[in-house]
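Reviewing the structure listed below.
Chains as they are written, first to last, in the numbering used here: chain S, 201 to 780; chain G, -18 to 453.
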């Protein structure tokens, strides 16, 4: 089976390699096509036309993504790279590219647009044009996040995505939509403000916003420490990890189906993607330093999310808390720093996107029939809605990691990674897997065989619902039985990521040791491994005495931060410094 | 001294506008009935100023410098003037017989600000500041309704303005006594350390107070909300935006005096931090839209100072760029408010309810403005802020950058509240009728905010040459 698929794969690759070499800007096309479509949407009239138009846009977008299938599986670096000058004054670039870490998420994002249009076909009845406008903007921003290789470009998409998502919840949401949408916006924005400060700090430190260039740099431990905190806070809120998760159930419950799907499938992944793309490569020593904390929080998220999900009466809330638990597995896999663990984490990101997205679609479908998301109002579907229950069973099993489904592959990989790093850690994560089975089976049991209230009058899945569920079901089984291709895609990039991580986390020491040789006076303050508070104060006071300009000048002279050679303030005021 | 009129073209054109309006004002009342051509004249002014963007030279014995910085700000001022005039040309807010006078004062104030952007000598700066302020003193009470409130606002503005001007004059006398010169480029070479020359530093600080008053920076912001609230919406749009540009350009000239680590610079940095935090916190509880924008402008004054305390060419360029962005986003925001308030009353947050169905285009423009004011990408507000943060961090003001980014988290609440009212609340009132050209111009304003946010390069290049201005 897998061999056969691989043959088909190489055939497809051969077909599209022509497009690959002919420098067709695939990523720009994926980025701008929904934007242009959203502008055209202004002139489309009639609700049905708007829906059809957006659906067609989604399908064309899928077609535009086909050249991505010629992704070179043996290459660990960035592919389909596009690089143009953007704001030369600040060295900002329009820099796009994908590697094994991002490509699957890009494909998932592109796949979800038409499915979201389909699942909102009858669910959204008011302000249809604005709704589809928001959907298109969301798609564009989400693609942008996963393909941006310039820090500022990334941040633009990271923040811009909030606006359509806010509107999706605030306008088409449930009764508590105002509270939920504001909470969502404030939480995520507040988290990412310090991230912006970290971006600025990286730029001033190196003179570039280019992420691949930044990955090659080395940073002092003190710098990494603060940069990691600033970035991890933004990502942890987005994931969301345990103490920052409270916005998620509120947002999920109130959001319309398509909003919940986008939240679960893509938005949450941005946080874990941020950990993989920024924290591990840019701040390796700090990542290692904070790993015990992150692992602890992850395990707490898994157990806590599982227990809370067990007690929910609202189906959406239950799935929302299960997301907290599942995303805990992702962060757990990332911070054990083993190949299997990170592979599992990345697979879990994709798989959770597929299964949870599908589960939210199913909840939306039943809500259209019962107008309630309470479990007790939706019981006994097994007899009257067999197709619905079949899909539900499949996705619920995938969600709890049943062998043969995609969830099993990723959870098993994460657990292998965790066990190989620390036996006791693995033992702590096991109850989370059992809890997942408990809450999902409880939900499935009640839905299928509970005492029916009014289920007998409802019709089973129609053609449209089949259409948007079937692709996800196929993916669940395909990734469950033949994950080889997906793993081959992500493996080189992860090997490289971890290899760089292993080599670079020690580099900070080497760099600072040379610093000791150069500046023996600072030896006391610059000891890297122990990070005590009094040292921090000492560094600060030392810095306060020395003028910051002098510090920068000195470093610029050393050639460490070449960009700053032009930034320093000239002492003579009559002639202003040349711009770089 | 050779007087070169070619350096003076934008100002001459503005004098032409003033003269025309003066004739209309003293002539028959019927002459000033239809002023619909005035915005177009102002647009011609923008074109004229744009053509003189490359001029370079000095006038009036070196007291008046025409350079990249002054021309950049003159262009911004003429754009702002054109938008403000277009915004105010709707006749409802001021009595018919006073309309020519109204625009006369607007034009004189803009003229004063143009002079201000070229002033490189303290007395010239002082005079230009007064020209731009005096006409505003007359403008603020000119309102069709709420006469009492607008008179109160006018009196507050005059009294506080007069006190601050006196203080600035006092400071000026100290500077002159200390260094016997009023040319900024000569003052740039002397010591501004508190230990060496406390009198000069005190004088400079007092002189800066006048600028802070114009800028509505923290301890000098108290006039701002009352004046905005009392003045008509159209006047508030002008007062909230253009005079700030004048203050910024003079501060940029003064930045040649400042070095990181100096006492004055440290004071500026602290004032910036306090101003943004205070402005944002107080804005959280405002219901009246103009008061809300007033406190938001207090916060924005703090942001602009980030570039000025950095003092590098990049920092000054970032401050110039941000003030242009500030002008655009605030004028656009006021523009929406003026279109909504057809009878000239003050709007509260609840008046925004259901704007999405009353006028979708106004709602969209308002949303763009609100997100630009927060500093969210992909709007110009984000880019401007990013440049400021970069330049401040490069000069070692890490703490200030952290304060600034944390302020975004505070600010988002009240700006988002505007969007929330416009998009998620249901309308109670009738749809708003707006004409085709109004819609087009509004769309252009919003598009320019988005464009400056996505491709800021070309405009920032101009700001960069402005930031590298060369003192004579």
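By construction, the Cβ of each residue, glycine as well, lies at the ideal position given by its N, Cα and C atoms.
Own chain, CB closer than 6 Å to residue i, minus 5 neighbours either side, in chain order
| i | result |
| --- | --- |
| residue 272 of chain G | 206 and 210 |
| residue 730 of chain S | The pLDDT assigned to residue 730 of chain S is 35, lower than 50, so where the model puts this residue is not dependable, and the model offers no usable value. |
| residue 483 of chain S | 424, 427 and 428 |
| residue -14 of chain G | none |
| residue 98 of chain G | 51, 54, 55 and 230 |
| residue -17 of chain G | none |
| residue 450 of chain S | 380 and 383 |
| residue 415 of chain S | 481 |
Environment of residue i [buried if 16+ CB atoms lie within 10 Å]
| i | result |
| --- | --- |
| residue -7 of chain G | exposed |
| residue 751 of chain S | Reliability fails at residue 751 of chain S, whose pLDDT of 41 lies under 50, so the model's placement of it is uncertain and the value that follows must be treated cautiously. The residue in question, residue 751 of chain S, is exposed, as its Cβ has fewer than 16 Cβ neighbours within 10 Å. |
| residue 173 of chain G | buried |
| residue 80 of chain G | buried |
| residue 452 of chain S | buried |
| residue 630 of chain S | exposed |
| residue 215 of chain G | buried |
| residue 128 of chain G | exposed |
| residue 242 of chain S | exposed |
Cβ neighbours of residue i in the same chain (closer than 7 Å, five flanking residues each side left out)
| i | result |
| --- | --- |
| residue 91 of chain G | -5, 58, 62 and 223 |
| residue 349 of chain S | 278, 295, 296, 297, 410, 411 and 412 |
| residue 274 of chain S | 692 |
| residue 377 of chain S | 369, 370 and 454 |
| residue 338 of chain S | 361, 364, 365 and 462 |
C-alpha gap between residue i and residue j, whole angstroms
| i | j | result |
| --- | --- | --- |
| residue 290 of chain G | residue 244 of chain G | 11 Å |
| residue 93 of chain G | residue 417 of chain G | 33 Å |
| residue 473 of chain S | residue 84 of chain G | 56 Å |
| residue 166 of chain G | residue 108 of chain G | 18 Å |
| residue 221 of chain G | residue 131 of chain G | 15 Å |
| residue 646 of chain S | residue 575 of chain S | 7 Å |
| residue 300 of chain S | residue 247 of chain G | 48 Å |
| residue 146 of chain G | residue 305 of chain G | 26 Å |
| residue 101 of chain G | residue 162 of chain G | 12 Å |
| residue 458 of chain S | residue 337 of chain G | 22 Å |
| residue 323 of chain G | residue 419 of chain G | 14 Å |
| residue 448 of chain S | residue 567 of chain S | 20 Å |
| residue 138 of chain G | residue 270 of chain G | 20 Å |
| residue -3 of chain G | residue 311 of chain G | 27 Å |
Beta-carbon gap between residue i and residue j smaller than 8 Å
| i | j | result |
| --- | --- | --- |
| residue 430 of chain G | residue 353 of chain G | yes |
| residue 175 of chain G | residue 156 of chain G | no |
| residue 639 of chain S | residue 522 of chain S | yes |
| residue 697 of chain S | residue 536 of chain S | no |
| residue 380 of chain G | residue 401 of chain S | no |
| residue 76 of chain G | residue 125 of chain G | yes |
| residue 361 of chain G | residue 297 of chain G | no |
| residue -12 of chain G | residue 47 of chain G | yes |
| residue 402 of chain G | residue 333 of chain G | yes |
| residue 605 of chain S | residue 677 of chain S | yes |
| residue 326 of chain G | residue 413 of chain G | no |
Beta-carbon proximity list for residue i, same chain, < 8 Å, skipping 5 on both sides
| i | result |
| --- | --- |
| residue 652 of chain S | 579, 580, 581, 583 and 584 |
| residue 507 of chain S | 635 |
| residue 571 of chain S | none |
| residue 351 of chain S | 399, 402, 403, 409, 410, 411 and 414 |
| residue 20 of chain G | 63, 66, 67 and 70 |
| residue 673 of chain S | 558, 591, 594 and 595 |
Those residues which DSSP pairs with residue i across a bridge
| i | result |
| --- | --- |
| residue 282 of chain S | S:296 |
| residue 38 of chain G | G:47 |
| residue 514 of chain S | S:574 |
| residue 164 of chain G | G:102 |
| residue 348 of chain S | S:296 |
| residue 410 of chain S | S:350 |
| residue 329 of chain G | G:269 |
| residue 287 of chain S | S:292 |
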